[in-house]
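Numbering (this note's numbering), first residue to last: 35 to 214.
Backbone N, C-alpha and C define an ideal beta-carbon position, used for all residues, glycine too.
The structure presented is a predicted model; accordingly, all values stated were derived computationally and were not measured.
To start, the structure itself, in structure tokens.
Laid out in structure tokens, this is it:
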């Protein structure tokens with residue numbers, strides 16, 4: 035029942051642009067088929083992606099400068115490692131979006147995370163947000179988490195949040211492409 039209530043707004047969104055015949059077909063689908071159809075409508079742009087061209091973490095640190103384990107370069111390397119683990123079949127080559135034509139931007143994926151921290155020792159509050167998409171549609175998927183920890187626990191918590199988000203993005207990416 036809960037799943038049906040969650041899909042009603044998405045069904046309504048799809049129904050506004052669908053003809054009656056399309057709606058009739060949609061209404062005869064199983065809930066799993068309906069979810070797959072909704073995913074195709076929302077995330078179908080991932081089907082065109084043949085490589086990623088940007089994988090970046092932007093980190094804004096605490097007042098005292100950087101917190102060990104939360105520097106932009108270290109988190110950038112970590113995000114790229116998580117990308118290689120979760121998107122192993124998809125190549126990554128750094129690309130400037132301004133050098134790509136419209137078709138190139140549609141074929142090139144991007145993954146961005148922002149990490150914001152406030153505090154010196156305890157508590158250190160953090161906000162981690164990650165977005166995945168294409169160079170032409172950069173925010174097909176977006177997730178965020180807010181938390182707090184000490185100077186020693188916050189870096190691991192931030193990395194765990196990045197792990198979970200990248201993994202969920204990979205699952206959606208490969209499901210939409212029919213590869214999972």
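Taking the Cβ atoms as the reference, residue 110 lies roughly 6 Å from residue 90, within the contact range of under 8 Å.
Residue 180 places its beta carbon less than 9 Å from that of residue 162.
Selection 106, 87, 94, 81 evaluated against residue 128 yields 87 as nearest (Cα-Cα). C-alpha of residue 171 to C-alpha of residue 131: approximately 12 Å in a straight line. Remark: three or more beta-carbon pairs, one from each stretch, lie closer than 8 Å, so the stretch 139-158 and the stretch 182-196 are flagged as touching.
If the five residues before and after residue 169 are omitted, its C-beta is found closer than 8 Å to the C-beta atoms of 87, 88, 129, 131, 134, 138, 139, 140, 142, 143, 144, all from its own chain and listed in chain order. DSSP lists 148 as the bridge partner or partners of residue 92.
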